[in-house]
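Chemist:
In structure tokens form, the structure reads like this:
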């Protein structure tokens, strides 16, 4: 029996981590990159895209039904933007739209 999975992204000031997790909380796949926190927003997003690329290239990706994103704030959930104080290049960054596009 195949269980649905969720993708998790944790975007912090030192690392960007991603995982595919099953309904029991088991991590089935993980990927990680350092956060280029002192760079511009697009450079940080490229690191996020690399993590997502590892997840999406897995045969497990087709079972993912949702993506959860954790990021330092402030976070504007209605606009889908983040402005983390520890990643200066991401002031008002349209994170949700960019992850959808990736």
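Numbering (this note's numbering), first residue to last: 23 to 124. C-beta atoms are modelled at their ideal positions from N, C-alpha and C, and glycine is treated no differently.
Going by DSSP in three states, residue 62 sits in which element: helix, strand or coil?
Modeler: coil
Chemist: Could you tell me which residues DSSP puts in a beta bridge with residue 82?
Modeler: Answer is none; residue 82 lacks a bridge partner.
Chemist: What does residue 40 pair with, by DSSP beta-bridge criteria?
Modeler: 31 and 53
Chemist: Taking 7 angstroms as the cut-off, decide whether the C-beta atoms of residue 88 and residue 73 are in contact.
Modeler: no
Chemist: Assign residue 67 to one of two classes, buried (16 or more other C-beta atoms within 10 Å of its C-beta) or exposed (fewer than that).
Modeler: buried
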